[in-house]
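According to our numbering, the sequence shown is numbered sequentially starting from 283.
C-beta atoms are modelled at their ideal positions from N, C-alpha and C, and glycine is treated no differently.
All values reported here derive from a predicted model rather than from experimental measurement.
What follows is a single structure, written as structure tokens, with notes after it.
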Amino acid sequence: MSDALGQPGQRIDRWLWCARFLKSRSLAATLVQSGRIRVNGDRISKASRMVRPGDILTFPLGPHIRVIKILLLAERRGPAPEARSLYSDLDPPAPATQRNADIPAATSVREAGSGRPTKRERRQIDALRSEES
283 MSDALGQPGQ RIDRWLWCAR FLKSRSLAAT LVQSGRIRVN GDRISKASRM VRPGDILTFP
343 LGPHIRVIKI LLLAERRGPA PEARSLYSDL DPPAPATQRN ADIPAATSVR EAGSGRPTKR
403 ERRQIDALRS EES
């Protein structure tokens, strides 16, 4: 597709879906309509906004803010390695302490097959969870 200036472009909701940032195109459209996506620093709220190679997207995804540069437009929604070639990640790498914070502590995991916790174990689990929060 092309925009009014004749430059090639692609709808942002379709590009986010093809680049595998979101599982469905309707989720991508909802994210765009929420107004939390920025294209080259400008907040957008229309899923029909055209993006081109060279545009920089900033948007929240889970607990992280993603900053990416569009390298290619997508012909189709292909496999993950093909999707990763559509953009370059401009996010600074997360510090090791922050990466480990996303992993739940092993103390809160119960062994499989050990059955239901007893009343005493349940109290210990509740005490442990209240200390963590």
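Residue i: buried (16+ other C-beta within 10 angstroms of its C-beta) or exposed?
i    : result
D371 : exposed
L410 : exposed
A235 : No information on residue 235 is available, as it lies outside the stretch 283 to 415 that the chain covers here.
R325 : exposed
A394 : exposed
D295 : buried
Q292 : buried
L343 : exposed
A362 : exposed
Can you look up residue i in the DSSP assignment and give me helix, strand or coil?
i    : result
R392 : coil
Q406 : helix
P335 : coil
L343 : strand
Q289 : coil
D324 : strand
K351 : strand
D373 : coil
L368 : coil
R296 : helix
So with Cβ pairs under 8 Å, would you call residue i a contact of chain C?
i    : result
F303 : Absent here is chain C; the protein component of the structure consists of one chain.
Is residue j closer than 8 Å to residue i when the C-beta atoms are compared?
i    : j    : result
L304 : P335 : no
L368 : A301 : yes
V271 : W297 : Residue 271 lies beyond the range of the chain shown here (283 to 415); nothing can be said about it.
I350 : L339 : yes
R331 : V321 : yes
What does DSSP give as the partner residues of residue i in its beta bridges?
i    : result
I319 : I326
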